Amino acid sequence: MRNLFAFIILNSTLICCGSNADKKTKYFSLSIANQKGAVYIGETLKTTLVNKKNIAIDSVVYKIDNTKIKTLSDSEPFTEKIDNEKLGRHKIIAVVYFDGKIEEVIKKVTFFNNQAPKIYGYKIINSYPHDNKAYTQGLEFVGDTLYENTGKNGNSSLRKIDYKTGEVLKKVDLDKAYFGEGITILNNKIYQLTWQSKTGFIYDLNTMKKTGSFTYNNSKEGWGLCNNGEHVYKSDGTEKIWILDSKTLAEQEYIQVTTNKSVKSKFNELEWVEGKIYANTYQKDGIAIINPDNGALEGVINLKGLRSKATPIGKEKDSDYVLNGIAYKADTKQLFVTGKYWDQVFEIEVIK
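When you line the sequence shown up against this note's numbering, it's residues 275 to 626, in that order.
Here it is, written out as structure tokens:
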């Protein structure tokens, strides 16, 4: 059972199906019984179909989003233990069957985590040279080799780097029409996002030659990528992190990053670290630790002060010099971070 918190947003949208599909219904509505419209994961959501005209009902099918939960007869209250749901914005849907007619009633809900994110500090273990002309977008290790993707139209590139010296061993430039974004590496392939072109590219890891491309189905833009060996995770600037098929790169479903108070957005570079998604939040000096199963934002690594150690004096508040770039060496359990136009890559230890 996950310790999650659900808060119900109390505005309802009523839609009448069939020949009157474009008119608001005048027969039914939904009422949430939980105090102040809030329900904790592990407790029971209690929803009642309001039937002021006492219309004879044949049955009611209840769904959360498009997933059917149960069918009830008459106006029997709908109760559901909330324990495995993903966080974020959802809908409770009641499909009412009566007198040969069908009516659909929708109530918007939002599920929140019931615990505030844990806050962590950091300790610098080491630092290494980094190209201060690189607008860092994606960062990932394969063995001891660091791969980086940079952004900006006309300056976007995919790079293979000796992380200890900062030397660029190989570089592939993107056409100036593309603004490079995040990368991830899986099955000897490098997957690369572009920002607003709704197109990604695929490269052979060994040769770094482009072998194909893929498009975004539903996501708004391309921001960050990571993978867990089976699935690819993609951020798009919204609250959603999309889960992609690792072979076709098709967007299958998504989680929504959510705290105990709100649904969050602007997650940029992503990295898979010991079963969690680590994510930079654009223009924030921290790394979010996200549960990939339900979207809970479980922790934040506060990296305040790090930017001033890697950017020109007086530029610490410049939006171009923000933290962006997370790379994890799983074999040695080392965590590295950098930023856009930073002259250093830092190995850090996370402090509880």
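In this text, a Cβ means the ideal position worked out from N, Cα and C, and glycines have one as well. Since this is a predicted model, take the numbers as computed values, not measurements.
Confirm, please, whether the CB-CB distance from residue j to residue i is below 9 Å.
| i | j | result |
| --- | --- | --- |
| Q470 | G496 | yes |
| T468 | K614 | no |
| I315 | E359 | yes |
| I457 | E414 | yes |
| N462 | D478 | yes |
| T322 | F352 | yes |
| Y625 | K397 | Here residue 625 is Ile; the residue named in the question, Tyr, does not match the sequence. Cβ atoms of I625 and K397: closer than 9 Å. |
| N554 | I600 | yes |
| V334 | Y371 | yes |
| E455 | N423 | yes |
| E504 | Q389 | no |
| S223 | Q557 | As displayed, the chain neither begins before 275 nor continues past 626, which places residue 223 out of reach and without an answer. |
| I464 | Y421 | yes |
| R363 | K342 | no |
| H404 | G428 | no |
| K375 | D339 | no |
Would you give the residue range spanned by the beta strand (DSSP E) that residue i belongs to?
| i | result |
| --- | --- |
| I601 | In the sequence on display, residue 601 carries Ala and not Ile. Its beta strand (DSSP E) spans residues L597 to K603. |
| Y490 | No beta strand (DSSP E) holds Y490; DSSP gives it neither H nor E. |
| P403 | K392 to P403 |
| Q618 | Q618 to I625 |
| F386 | K375 to N387 |
| T424 | T419 to T424 |
| L319 | T318 to N325 |
| R363 | G362 to F372 |
| Q459 | For clarity, residue 459 is Ile in the given sequence; the question names Gln instead. Where I459 is concerned, the enclosing beta strand (DSSP E) stretches over G454 to L460. |
| Q411 | T410 to V416 |
| S305 | F302 to I306 |
| K514 | K514 to D519 |
| K504 | Residue 504 is actually Glu in this sequence, not Lys. Run containing E504: none; DSSP gives neither H nor E here. |
| A330 | That residue, A330, is in no beta strand (DSSP E); it is neither H nor E in DSSP. |
| T345 | T341 to L346 |
| P447 | Here the sequence assigns Asp to residue 447, which means Pro is not the residue at that position. Segment E441 to D447, the beta strand (DSSP E) holding D447. |
| R433 | S431 to D436 |
| A562 | G560 to I564 |
| Y465 | K463 to T468 |
For my contact list, residue i and residue j are in at a C-beta cut-off of 8 Å; report their separation, rounded to the angstrom.
| i | j | result |
| --- | --- | --- |
| W616 | N400 | That belief does not hold up - the Cβ atoms of W616 and N400 are roughly 15 Å apart, past 8 Å. |
| L577 | V531 | So it is not a contact: roughly 18 Å between Cβ atoms. |
| M482 | K434 | 7 Å |
| F302 | N534 | So it is not a contact: roughly 32 Å between Cβ atoms. |
| N565 | K550 | 7 Å |
| L460 | V446 | Not quite, the Cβ-Cβ distance comes to about 18 Å (not below 8 Å), so this is no contact. |
| K508 | S493 | 6 Å |
Using only the alpha-carbon positions, how far apart do residue i and residue j sit?
| i | j | result |
| --- | --- | --- |
| K344 | K392 | 36 Å |
| Y528 | T473 | 19 Å |
| V574 | K521 | 31 Å |
| S539 | I476 | 26 Å |
| V619 | Y452 | 25 Å |
| A295 | F541 | In this predicted model, A295 has a pLDDT of only 37, less than 50, meaning its place in the structure is not dependable enough to derive any value. |
| G560 | A570 | 16 Å |
| I515 | K438 | 32 Å |
| L609 | I587 | 25 Å |
| L597 | Y552 | 13 Å |
| D510 | G412 | 14 Å |
| S430 | A408 | 9 Å |
| S349 | D357 | 24 Å |
| K355 | K320 | 9 Å |
| G417 | L523 | 24 Å |
| D449 | Q466 | 13 Å |
| T606 | T419 | 13 Å |
| L304 | D373 | 20 Å |
| K337 | S347 | 15 Å |
| E377 | A368 | 8 Å |
| V547 | V506 | 13 Å |
| L544 | V537 | 18 Å |
| Y595 | I306 | 47 Å |
| K297 | N308 | Per-residue confidence for K297 stands at a pLDDT of 46, beneath the threshold of 50, marking its modelled position as unreliable; the derived number appears in the next sentence. Taking the straight line from one Cα to the other gives about 29 Å. |
| L518 | N325 | 42 Å |
| E590 | Y402 | 19 Å |
For the ligand ADP, I want to know if residue i counts as a neighbour, meaning its beta carbon is within less than 8 Å of at least one of the ligand's heavy atoms.
| i | result |
| --- | --- |
| F488 | For the ligand ADP, the structure offers nothing, since it holds no ligand at all. |
Any alpha helix (DSSP H) of 4 or more consecutive residues that is wholly inside the region 517-542 = For the alpha helix (DSSP H) assignment, the region 517-542 encloses no uninterrupted run of at least 4 residues.
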